[in-house]
């Protein structure tokens, strides 16, 4: 698993499978360790969690049934090209799940959307896709997701030998601790400035504008740059709540209605499920 959300997806997959699993956790950022610790505290069905850097060759060679957090990952491509997994379950990596499904159907190249790759990465992608197709011929590949893939895409995957299983965060909701936020209006932080998709001054104006409408509890994105967060912290009407956890783990404990405001994000899909039945409202806005 290479991101906090992938760790959460692994807990859901293990819960749905009814068994405990061994997890290899890539040390990709400080939120990985805090998320793993919190999942274990809540009773996630993990037999062990091993931190690693690079590719855990020994563990992957020993455990031939793989649940993979990021099917486009360079580490997965390399491992799948060299080793021979018996089965592969592809877990969620945000909305990239849809792109991965289309790549497996040969509708798009085997890479993340809007990402340029060199020759070596493309070659490894082709090898990994070939290995997944060979497993699909034996009905040994599945996509385990919370995102709606669409009936036509699910049918096409099934024809290709790839099963699709949907979940609705049953384990996350059942294991959540009740949460009382210091306010009923929540603003989700975004990595759009970090990734260069939005200019930082425009983003800060958006946050300030939301806070002028009404005070907000600000949940930072895990990849949010420190200088951006420092500017947000100084804004009137903004209370920053740093949890070190994925927003899904944090807000699963909500028991009363909140208003959740964000820019465009795949988290709107996940949070609709987790906040269902609380009377909460999710509002996605655009920069103006």
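Numbering (UniProt numbering), first residue to last: 1 to 288. Every residue, glycine too, gets a C-beta built ideally from N, C-alpha and C.
By Cβ distance below 8 Å, which residues in the same chain neighbour residue 53 in space, the five residues on each side in sequence not counted?
26, 27
Once you ignore the five residues that flank residue 80 on each side, which residues in its own chain have a CB closer than 6 Å to its CB?
128, 131
Answer yes or no: does any C-beta atom of chain B fall closer than 9 Å to that of residue 106?
In the structure shown, chain B cannot be found, because there is only a single protein chain.
In this structure, does DSSP put residue 50 in helix, strand or coil?
strand
My output table needs one value for residue 262: the three-state DSSP class, helix, strand or coil.
strand
For my contact list, residue 101 and residue 149 are in at a C-beta cut-off of 8 Å; report their separation, rounded to the angstrom.
6 Å
Given 8 Å as the limit, is there contact between the region 59-70 and the region 32-49, that is, 3 or more CB pairs closer than that?
no
C-beta atoms of residue 277 and residue 256 nearer than 9 Å:
no
Thinking C-beta only, is residue 188 closer than 9 Å to residue 260?
yes
Ordered list of beta strand (DSSP E) runs contained in the region 123-194, each at least 3 residues
141-145, 162-166, 185-188
Reference residue 233, options 249, 40, 215, closest by Cα
Nearest of 249, 40, 215 to residue 233, Cα basis: 215.
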